[in-house]
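Chains as they are written, first to last, in the working numbering: chain H, 3 to 115; chain G, 166 to 407.
Even glycine gets a Cβ: it sits at the ideal position worked out from N, Cα and C.
Since the structure is predicted, the reported quantities are computational estimates derived from the model, not experimental observations.
Worksheet: one structure, shown below.
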Amino acid sequence: MIRPHRSQPLWYAFILHRLSGIGLALFLPLHFYLLGLALGDSADFDAALQWTEQPLVKAAEFGLVFLLSVHLFGGLRLLVLEFFAWTAAQKTLAAAAAGLSFFVACGFLLRAI
Amino acid sequence: MREEIGKIQVQVRRGGPDDGRLVDYEVPLLASQTVLDVVTWIQRNLEPALSYRFACRVGMCGSCAMTVNGRPRWTCRSHVTDVMKDGRIRIEPLRNLPVIKDLACDLSGFFDKWQRAEGAFVPTQTRKDSLAPIAPQEPARQAASAGIECINCAVCYAACDAVEQNPEYLGPAALNRAWTLVNDARDGGNRARLQAVTGPGGCQSCHSQQGCTSHCPNALNPTRSIAGLKQAAARAWLRGEL
């Protein structure tokens with residue numbers, strides 16, 4: 003009956019870290035499959051590389067780079083929180099991790115198109 | 166008697182542990198009225214059997230915490246006009262604690278966890294020794310002072326998602342207490358304390374969502390205390406003490 007009250011910005015940082023981790027874990031089998039193609043038939047691998055040139059796949063890759071980046075910077079934020087002297091700027095660090103990740107993902111997209 | 170300036174539509178959680186339901190009441194709105202005043206008005210005028218807990222009424226004792234419009238709060242220090250939404254207030258017991266009846270929770274498990282976290286002071290001197298000299302500006306003393314104003318109200322415990330997901334988790338208040346003792350130069354129980362707070366349900370179960378820090382009515386920062394415990398535990402592990 004009692005609804006939780008997750009309104010603090012750092013809860014959103016937590017859930018973004020969790021969801022990005024789950025997203026990356028789901029992507030890993032596909033990643034290993036594509037790498038496995040490179041070890042086997044090079045024609046198949048070339049076809050797969052060709053497939054990744056589609057605009058929709060490029061857009062998905064933007065999301066993937068964002069997930070990877072936000073999980074990396076979010077993880078660094080948690081390490082800073084837990085192993086460095088406490089800083090009052092917790093929300094700023096979380097926002098910086100998300101902002102930097104968006105910047106990195108946009109950089110990837112600009113190079114890709 | 167203060168003048169009535171309107172009406173508040175109040176929903177109060179009534180019933181025992183398993184038959185909770187929200188019951189509607191209409192309560193007069195008064196100037197400078199707290200949520201605890203509203204609960205007391207309902208009990209005195211409409212529902213004599215309403216169970217709830219309070220003592221000091223001034224934010225000293227920590228016994229009147231409830232969930233008000235979805236957020237855990239001290240009801241004695243929450244003004245109706247600050248928490249009311251569209252003239253309505255929903256009052257429920259604290260989350261993550263078993264309900265006894267109506268708005269009263271059983272806090273036994275909450276306090277048991279203070280014991281499990283080795284939250285009791287372990288003296289190293291006798292009454293025949295002189296007082297331990299501790300400078301107020303020492304970093305350890307500063308760290309302890311930052312956490313000692315906790316009054317055990319369980320607002321942080323109710324705000325914590327890690328407690329909800331893992332009932333074994335010691336919770337922000339007990340771990341904050343342990344951290345103040347880790348920084349107490351007079352205490353001799355730190356080895357056992359660090360082992361207690363790093364076992365199952367210990368400080369590593371904290372996800373740093375900082376719900377405790379966001380809701381603490383005393384503006385304490387249990388997340389900082391838990392981060393301190395994580396650092397102390399890592400150092401103790403490197404020294405082979407864990």
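DSSP, read as helix, strand or coil, puts residue 368 (chain G) in helix. The count of Cβ pairs closer than 8 Å, one atom from the region 299 to 314 of chain G and one from the region 379 to 398 of chain G, reaches three, so the stretches are in contact.
The way I'd put it, the region 173 to 180 of chain G doesn't touch the region 82 to 99 of chain H; fewer than three beta-carbon pairs between them come closer than 8 Å. Between residue 68 (chain H) and residue 107 (chain H) the beta-carbon gap is near 4 Å, inside 8 Å, which marks them as a contact. For residue 13 (chain H), the nearest beta carbon of chain G is closer than 8 Å to its own beta carbon.
For residue 18 (chain H), the closest Cβ of chain G is not nearer than 8 Å.
Only 372, 373, 374, 375, 376, 379, 389, 392 from the region 366 to 394 of chain G bring a Cβ to less than 7 Å from some Cβ of chain H. Segment contact: the region 278 to 290 of chain G against the region 231 to 248 of chain G, fewer than three CB-CB distances shorter than 8 Å; contact not assigned. A check of alpha carbon separations from residue 277 (chain G) across G:202, G:389, G:339, G:198 identifies G:339 as the nearest. Between residue 305 (chain G) and residue 348 (chain G), the CB-CB gap stays under 8 Å. Residue 335 (chain G) is positioned such that its CB atom lies closer than 8 Å to that of residue 362 (chain G).
Taking C-beta atoms as the reference points, residue 331 (chain G) and residue 370 (chain G) count as a pair closer than 8 Å. For the C-beta of residue 84 (chain H), the chain G residues within less than 8 Å are, from N- to C-terminus, 373, 392, 395, 396. At a cut-off of 8 Å between C-beta atoms, residue 80 (chain H) counts as an interface residue with respect to chain G. The DSSP-derived three-state label of residue 251 (chain G) is coil. In the assembly as shown, residue 61 (chain H) is an exposed residue. Its beta-carbon has fewer than 16 other beta-carbons within 10 Å. Under the DSSP assignment, residue 266 (chain G) falls in the beta strand (DSSP E) whose first and last residues are 264 to 266. Taking a beta-carbon distance threshold of 8 Å, residue 10 (chain H) counts as an interface residue toward chain G. The shortest C-alpha to C-alpha distance from residue 381 (chain G) to any of G:321, G:268, G:271 is the one to G:321. Counting of Cβ neighbours within 10 angstroms places residue 377 (chain G) among the buried residues, the total reaching 16 or more.
For residue 88 (chain H), there is no enclosing beta strand (DSSP E), as DSSP gives it neither H nor E. Boundaries of the alpha helix (DSSP H) harbouring residue 31 (chain H): 11 to 41, taken from the DSSP string. Inside the region 311 to 344 of chain G, DSSP marks whole alpha helix (DSSP H) runs of 4 or more residues at positions 320 to 324, 326 to 330, from first to last along the chain. Around residue 193 (chain G), the same chain offers 169 as residues with beta carbons nearer than 6 Å, after the five sequence neighbours per side are excluded. If you look at residue 278 (chain G), you'll find it in the alpha helix (DSSP H) that goes 273 to 281. Residue-level contact by beta carbon fails for residue 52 (chain H) and chain G, as no gap is shorter than 8 Å. When secondary structure is reduced to three states using DSSP, residue 81 (chain H) falls in the helix class. Setting aside the 5 residues that flank it on each side, residue 397 (chain G) is surrounded in the same chain by 347, 359, each with a C-beta closer than 7 Å to its C-beta; the list follows chain order. The beta carbon of residue 275 (chain G) is closer than 6 Å to those of 319, 322 in its chain, skipping five residues each way along the sequence. Between residue 297 (chain G) and residue 350 (chain G), the CB-CB gap stays under 8 Å. Residue 401 (chain G) and residue 357 (chain G) have their C-alpha atoms some 11 Å from each other. For the 8 Å CB-CB criterion, residue 224 (chain G) and residue 206 (chain G) do not form a contact. In the three-state DSSP reduction, residue 388 (chain G) falls in the helix class (H, G or I).
The contact set of residue 56 (chain H) on chain G, defined by CB atoms closer than 8 Å, is empty, because the minimum CB distance reaches about 38 Å.
Looking at G:197, G:399, G:373, G:394, the one whose alpha-carbon comes closest to that of residue 93 (chain H) is G:373. For residue 233 (chain G), the enclosing beta strand (DSSP E) begins and ends at 230 to 233.
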